[in-house]
Structures are given as structure tokens and as C-alpha cells.
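Participant: A single structure is presented below for examination.
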Amino acid sequence: MRKQILMLLALLVSTLALAQSPQGFNYQTVVRDSNGNLLANQTVSFQIEILEDSVTGTVAYLETHNTITTNAQGVITLVIGSGTTSDTFANINWGNNTYFLEISIDTSGGTNYATIGTSELVSVPYALNASKVEQLNGGSNGQILSTDGSGTVSWIDSVDSLNSTFSQLSSGLSTFNLEVIGDTGDIFTRLTLIDVLDEYVYGYNDDTDDFLVINVSDPYNPQVEAQLATGITIGFSSAKSAGVIVGNYCYLYSQDGFLAIVNITDPSQPALVSNTTAIDADVEAIASDGNYLYLVDDSVDKAFTVVDISSPESPVILPNTVSGLNMDSNNASMVINNGYAYVMSNETDNIDIIDVTDPLNPSLVLSSNLFGYYLTDIIAEGDYLYVLDEDESLLKIFNISNPVSPASIGTLSIGGTPQSLVKSGDYVYIVDSESDDLKVVDVSDPSTPSLASDIGFQRGAFGVRVQGSYAYAQNQVRSDNSLKVVNLFNSTTLGVAYDGTLQTVQDRDEQNLTGASLSGTVLTIEIENGDATTVNLSSLADDMGNHTATQNIQTNSNWISNDGDGEGVFVDASGNVGVNTATPGVSFQVGENGDGTESRANAWNTFSDRRWKTDFQVIENAVEKIQAVNGYYYKWKDKPDTSTQVGVIAQEIEAVLPEVVSTDSKGYKSVDYSKLTALLIEGMKEQQQQIQALQTKNSDLETKNDQIESRLSKIERHLEITVKLSSVTKN
2 MRKQILMLLA
12 LLVSTLALAQ
22 SPQGFNYQTV
32 VRDSNGNLLA
42 NQTVSFQIEI
52 LEDSVTGTVA
62 YLETHNTITT
72 NAQGVITLVI
82 GSGTTSDTFA
92 NINWGNNTYF
102 LEISIDTSGG
112 TNYATIGTSE
122 LVSVPYALNA
132 SKVEQLNGGS
142 NGQILSTDGS
152 GTVSWIDSVD
162 SLNSTFSQLS
172 SGLSTFNLEV
182 IGDTGDIFTR
192 LTLIDVLDEY
202 VYGYNDDTDD
212 FLVINVSDPY
222 NPQVEAQLAT
232 GITIGFSSAK
242 SAGVIVGNYC
252 YLYSQDGFLA
262 IVNITDPSQP
272 ALVSNTTAID
282 ADVEAIASDG
292 NYLYLVDDSV
302 DKAFTVVDIS
312 SPESPVILPN
322 TVSGLNMDSN
332 NASMVINNGY
342 AYVMSNETDN
352 IDIIDVTDPL
362 NPSLVLSSNL
372 FGYYLTDIIA
382 EGDYLYVLDE
392 DESLLKIFNI
402 SNPVSPASIG
412 TLSIGGTPQS
422 LVKSGDYVYI
432 VDSESDDLKV
442 VDVSDPSTPS
452 LASDIGFQRG
462 AFGVRVQGSY
472 AYAQNQVRSD
482 NSLKVVNLFN
492 STTLGVAYDG
502 TLQTVQDRDE
512 QNLTGASLSG
522 TVLTIEIENG
532 DATTVNLSSL
542 ADDMGNHTAT
552 QNIQTNSNWI
562 SNDGDGEGVF
572 VDASGNVGVN
582 TATPGVSFQV
592 GENGDGTESR
602 ANAWNTFSDR
612 RWKTDFQVIE
622 NAVEKIQAVN
632 GYYYKWKDKP
642 DTSTQVGVIA
652 QEIEAVLPEV
662 VSTDSKGYKS
672 VDYSKLTALL
682 IEGMKEQQQQ
692 IQALQTKNSD
702 LETKNDQIES
712 RLSKIERHLE
722 ITVKLSSVTK
732 N
């Protein structure tokens, strides 16, 4: 029986929630036969092995999943760690070893498994190792954290003055001390936030329907970096957002039934990809889990829709929807967590919970009035759902470890009119449009939330996002449509005094530098109050270990080298990096042409995920292209390296496969040898087809030859008989 080869797509799509450390992780695949056809509604069996240290290592864990039926799209979803096994998944020591996942399958649903792939587990299940510190308490005053080198972390008493000093001082580094340090001013007509990523806050002006990028690299002076007309009617003024960012793209929905896509690869120059993808009108909420968008509308059918964005610029609206949701207003919110969508509307007393573990077939699993009335926002993380109830001015916390049976576990009265919330670490940040403040709530114990800090704003705080040490809040009132930057923690840091002791010091000097000059090895620094100080650079020595830069480092056309005598690493004005070359012509260059410079690595990985690519075309006539080029022995002209080289000629390659050849500013050409692999793959496949055709032809010729030989044998026997008969007749 001919073996079927399966194509496995979308491996290890997500981990299970790790609060309380569930022992397992998700595995989803599309099953196809050797012709690329989906094996839909077919019973199959899987064998899962986790191997220790190598692809041929000891089996640390083995389980089977028998008689699993693919769905209509050929998809199966397993939880590795929940199959039939005699091993214990929890005994895998994720913290000490590397592990490899080996998948085997029997497409007939039996136990005759065939191995189809083995790959290293990079990060997904290793989060299970975090369970070792789940029970770690707060420790005692003066204690420090210690590890035994095997992944176990514990508090110990400090036994030396340095550790003791550090543990006492460190308590002053993380206390909340909210302070508004940056403000764009009243420059928007109606700002709504989408997200904050790195040095940029993304949002839109829902009065002008413009997409906005705000540069917050200097939190004291946030500035609009870019403004882009979307060409759609966004027109939403709630705290919730009509946009979501996935990778390098922002997706925004409009009131009149269109989806706009903005490319934010370069935040300073966002580009409108399209704004014509038709979606349901009256969409009220949007969310994403990375590969899919989820939309909820307030139209007649009140539907939940899934959009495939695996090709980011060509979204595909999937046919299966969930209708009849409790949507009755334009102030809705939705969050995706552990394979479930939680949808709320502030005019209803329900939250709808939708199972999206199979995004192709979403299903409503619960519509509950447990959560309250006139809700304004929800977020979810791990096993917990956080809900703002405007009617009762409460933060409500629910345990959703079993999504079909949520349980209320904690509440906190926060007063006013809470509008939006976001979670970061052990804290939930809430903005209130009535009491006009930002509240910080400690939810390290979800059953007993407590207010940690708050700060007042001008009236009209409607939305908030948090990243690192800063919160970004939107104000939406006629006299103050602005973005405000809030420093969350006290402005002290750990420093070393002149006597060598550790002290907490101010991390922001109010005196600005006004000038600096260098005379020989003496550096003179001037500050704005007129004072100056000199530093003899030749006397400086640094034996304080590693340092972390807090600002850009300018080399001023100098080398970074071991002995300071030239050569080493060079960065030019365009950001190109050169190793042993001061003229890198590309993003990263090692040495100069023909100088014999070698570079080595254990691996060099190239971006190649299907989700980043489009417009696929198979290379045709690969053998013909390969035959048009030659492999050569050669030597460099007038170069330090005089050894014999092996390679190709760029001009010959350019004639048949120009995509792998680049030309620098001086007209010299180079070849990306790694990309030739694609040509060789297709060439081998074409040759294999030719070989198979010749094998078939040869087999046919052998059959015909056998037939001819058989006929000749019969003729020979017939002739022998004829000769004998003739001889008998003569006698």
C-alpha cells in the first residue's frame, strides 16, 4: 500500500495558560495526502515522543492519540500531555535539558505509526518550568533571591554587606510614584488609542479618520511622528478601539462596512495597503490572536466573524459565523484568551464566550449575566477575566480556568465612571472619565485586589495603554484632546557613590549640559548653571563589569576594537555594520572582496515563514538554468588572499536567476549562494522526474525485451523440433 505523506502546517500554535501550571501545550495541524489534498473527516492516530538532548536522544515522554477525526478542513487539534501514556508529563525537566518533538502518524487510525518529522522545542513548553516559582512568596525584609542552578529559585538571608545593602536599597526602586511627565497638548479633535509598541503610540483621530503615530522615545516630549488618511469612516469615540495591530500591520474597521490595512513596518511612514475589504456594517469590536482577526457587529444578526490574515495584506473572511450575540450599543469590547473570545456590550448584562480553538468553526459556549450591567471594558490573562462595571463602579475579577463556568472571585470599588483598563505584570491600570484619574490596582492576589496608587487628570480620561515604566492615557474633552505620558515609578535608581557604597539616587538630572571640549586627554564639561568640570581621560579605568546604555552610542566614524588600534566593528552613517571593513555596502558585511576574511557560525537562519510571503511561483526550467552556469576554480586578482577559490560567476548567474545577484554602488556584483538552494531543489526535482521517466521507459523496454526473448526461445525450440523431424523423415 502506498504510503501517504502528510504536510504539517501551523505547528505548536499556542501554549495553554500557565497559571496553576496546566501540564500540556496545544498542537494543531492540517492533514493532507501526497497530492496535497485535504484528508477531511478522516480518522487518524498520532504518536508523540519528546526526546532528550537530540533527535536520536532518550525518549523522555511518549503518548498516543488514537482515532482522532479531522474536520471538514482537514484540521486536528491535540493537547500534548493529555494523550494515552504510561509516562508522567509533569516529570519532564524542562529547565535542565533541550528537548525535541517527534511526530508519527497512522492515517488509517491504527497503530502502524510512520515518523513524519522531528524538531527542537524552542520556547513553547518551557514556560512549564515557571511552575517551579509559582509558590514563591514575597520573602522577608533584607532577603535576596538565589538559584541552585537547576531552575529552583528561593529567598535566602543576606550574609554579606553588599547583598544586604542592595536588598535594602532595592525596595526604593519599584514603588509607585505617579507623575504626568509628558503631554502632547490639545492638538487632536478626538484621539483614540490602539496600542503602544517600542517607541511609538498608535491611535487614530476618529473625528478626521486619520491613523496616528506618536513618537514617545522622549517621554517628556511626545510628538506626532506621522498622520495618515485611512479613507474610511471610523467615527468611534468610546474608550475601546476600532483598530488592532498584528505584526507590521494595523487593521481598522469602519462604520460603513470596510476594513482598512496600514503597513507600519516603518512607523515614521505608515502606508495604506487597502481600505476596500468588505465586512459587516456596524462592527463594534475587533481582536486578534496573531493569525486571525475576530469581529463582532451590532447588525440584525449580531454576528461574530473570523478573518484569516495569514497573508496580512490579503485578508479572507471565513464563512462560518456565530449569530445572535448580546450586542446593543457602540461601546463594546472583546478579548481573546486561551482559545476563547470574550465579548461584552455596555447596554446588556451579558458576556458572550465563544470557542475559537478551531477558528474555522467558532461556537458559542456561554452567554451569561453573571458579570454585571453596563460594562465598559474587559481584559483577560491566564485564568482570570477582569471586568469594569460602570453601573456599580467596580472592578470585578472572575476565574475562567473553565471558560464555560466562570466564577466571581474578587471585586474592588473604584468609584467614578471607569472607562478602560489594561494589565501589566501584577497590576491593572484603570482610567476614569468622571473622577478624572488613573488608578493602579494590585491584583497579585486576584481574590483580594487593592488600590496601589492613583493620579488625577483633566476631565475626560477615556483610554490607557502601559509599556515598561510608563502609562499612556488619552483625554477626550473639548478643551483637552491629548495624549498624556505618566511615569509610574519613583524617579530613583541604584548608583555607586564616590566612597564605593551603593545608594539610591535621582535618575534625572535637572541641569542640562551646555557644552563640552576636548584638549588632549582632558575633557571639559559645562552645564547650564555655568559650572564646569574637567576629566582626565588618560587616568580613567573601568573595572565595573557590564554596562547598559540608556541612550544611543555615537562612534563618530571610529572603530569598536579590542586594542583601539583600528579594525574590528564599524558602523557607517546609514547603520550598515562592517567587521574588518570601514565601507560596508550592505546591512552587514564581513571583510573586503578577496581579503581572505573568514566568518563562522553554528547556524545562519533566514526569514522564511510562509506568513511573511506572497505571490508564490515555482521556479521553472531549473535544470536548463543550472546547465547555463558553471562552477569554477579561481583566484582573486591583486588581493591578499592568493589561495584557490571555488565558486560561480555573478554575471552567469544573473543571466538565469537575477534575483540572487546584487550590484553595489560601484557596479560590482555579488551572489547570495543560499538562495541558489531553491534553484537546486527544483533542479533535483526536475532531474528526478526525468530519472523516473527513464526508469519507466527502461522498465517498458525490459518487459518488451523479455517478451522478445521468450518468443525467440519458442522459435528456437520449434526449429529444433523441425530439424529433428526433417532428419527422421530423411532416414
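Number 732 marks the last residue of the sequence shown (this note's numbering); no jumps. Note that the Cβ used here is the ideal one computed from N, Cα and C, for glycine as well.
1. Could you tell me whether the Cβ atoms of I410 and N400 are closer together than 8 Å?
2. Name the residue from E314, Y341, I280 whose alpha carbon lies nearest to the alpha carbon of D290.
3. Would the beta-carbon of L365 fall within 8 Å of that of N347?
4. Per the contact definition of three or more C-beta pairs closer than 8 Å, is the stretch 244 to 253 in contact with the stretch 192 to 206?
5. Take the Cβ of D378 as the centre, count every other Cβ of all protein chains shown within 10 Å, and call the residue buried at 16 or more, exposed below.
6. If you count every other CB in all the chains shown that lies within 10 Å of the CB of T664, and 16 or more means buried, which is it?
7. Give the straight-line distance between the Cα atoms of N339 and N292, rounded to the nearest whole angstrom.
8. Skipping 5 residues on each side, what residues in its chain have a beta carbon closer than 6 Å to that of L174?
9. Would you mind giving the Cβ-Cβ distance between V307 and P363, rounded to the nearest angstrom? I have them listed as a contact below 8 Å.
10. Since I215 contacts V225 with CB under 8 Å, what's their CB separation in whole angstroms?
11. Can S414 and S434 be called in contact, C-beta distance under 8 Å?
12. Going residue by residue through the stretch 575 to 643, where are the continuous alpha helix (DSSP H) segments of at least 4 residues, counting only ones entirely within it?
13. Do you know whose CA, among F463, T190, N113, K485, lies nearest I182's CA?
14. Looking at Y430 and V444, is the spacing between their C-beta atoms short of 8 Å?
15. Return the CA-CA distance between S218 and Y471, expressed in angstroms with no decimal places.
16. May I ask which residues mark the beginning and end of the beta strand (DSSP E) holding A261?
17. Taking all protein chains shown into account, do 16 or more other C-beta atoms lie within 10 angstroms of the C-beta of F589, making it buried, or fewer, making it exposed?
18. Could you spell out where the alpha helix (DSSP H) holding V657 opens and where it closes?
19. Taking contact to mean 3 or more Cβ pairs, one atom from each stretch, closer than 8 Å, check whether the stretch 604 to 623 and the stretch 681 to 688 are in contact.
20. Apart from the five residues on each side of it in sequence, which residues of its chain come closer than 7 Å, Cβ to Cβ, to A279?
21. Going by C-alpha distance, which of A333, T615, G579 is nearest E593?
22. From P316 to I310, what distance separates their C-alpha atoms?
23. How many angstroms separate the CA atom of T730 from the CA atom of Q691?
24. Classify K303 as buried or exposed, calling it buried when 16 or more other Cβ atoms lie within 10 Å of its own Cβ.
25. Assuming A41 contacts T71 under a Cβ cut-off of 8 Å, what Cβ separation, rounded to an integer in Å, is found between them?
26. Quick check on DSSP: helix, strand or coil for I456?
27. Give me, in chain order, the residues of the same chain whose beta-carbon lies closer than 6 Å to that of A261; leave out the 5 immediate sequence neighbours on both sides.
28. If you measure between the beta carbons of D211 and L229, is that distance less than 8 Å?
29. Out of curiosity, what's the CA-to-CA distance linking F26 and S83?
30. Tell me whether the beta-carbon of A462 lies closer than 8 Å to the beta-carbon of D438.
31. What are the start and end residues of the beta strand (DSSP E) that includes R466?
32. Does DSSP classify S700 as helix, strand or coil?
33. Taking C-alpha atoms, which residue in P447, E717, T266, S324 lies nearest to D281?
34. To which residues does DSSP link S414 through a beta bridge?
35. Taking the alpha-carbon positions, what's the A115 to I104 distance?
Facilitator: According to the data block:
1. Going by C-beta atoms, I410 is nearer than 8 Å to N400.
2. Measuring C-alpha to C-alpha distances from D290 to each of E314, Y341, I280 identifies Y341 as the nearest.
3. The answer is no: Cβ separation not under 8 Å.
4. Pairwise C-beta distances place the stretch 192 to 206 in contact with the stretch 244 to 253, as three or more of them are shorter than 8 Å.
5. Around the beta carbon of D378, 16 or more other beta carbons lie within 10 angstroms, which makes this residue buried.
6. Label assigned to T664: exposed.
7. Rounded to whole angstroms, N339 to N292 spans 14 Å at the Cα level.
8. In this prediction, L174 scores a pLDDT of 45, lower than 50, which makes its location untrustworthy; no coordinate-derived value is stated.
9. Sure, about 6 Å apart at Cβ, within 8 Å.
10. With a Cβ gap of about 6 Å, I215 and V225 count as contacting.
11. Taking a C-beta distance under 8 Å as the contact criterion, S414 and S434 do not qualify as a contact pair.
12. Here the runs fully enclosed are 623 to 628.
13. Comparing Cα positions, the closest option is K485.
14. In terms of Cβ geometry, V444 and Y430 do not form a close pair [threshold 8 Å].
15. Taking the straight line from one Cα to the other gives about 11 Å.
16. Looking at the DSSP string, the run of the beta strand (DSSP E) that includes A261 is 259 to 264.
17. Label assigned to F589: exposed.
18. 651 to 657 is the span of the alpha helix (DSSP H), which, as asked, contains V657.
19. Put simply, the stretch 604 to 623 touches the stretch 681 to 688. At least three CB pairs are less than 8 Å apart.
20. Cβ within range, chain order: G258, F259.
21. Ranking A333, T615, G579 by Cα distance to E593 puts G579 first.
22. Computed Cα separation, rounded: 5 Å.
23. Rounded to the nearest angstrom, the two C-alpha atoms are 57 Å apart.
24. By the neighbour-count rule (16 or more Cβ atoms within 10 Å), K303 is buried.
25. Cβ-Cβ separation between A41 and T71: approximately 6 Å, consistent with a contact (criterion under 8 Å).
26. Here I456 sits in strand by DSSP.
27. If we look at A261 and ignore the five residues flanking it on each side, its Cβ neighbours are T231, I233, L253, N276.
28. A contact, by the Cβ cut-off of 8 Å.
29. A direct Cα-to-Cα measurement between F26 and S83 gives close to 9 Å.
30. Yes, they are a contact pair.
31. Segment 462 to 468, the beta strand (DSSP E) holding R466.
32. DSSP places S700 in helix when its eight states are reduced to three.
33. It is S324 whose Cα lies nearest to the Cα of D281.
34. According to DSSP, which records beta bridges pairwise, S414 is partnered with L395.
35. The C-alpha of A115 lies about 8 Å from the C-alpha of I104.
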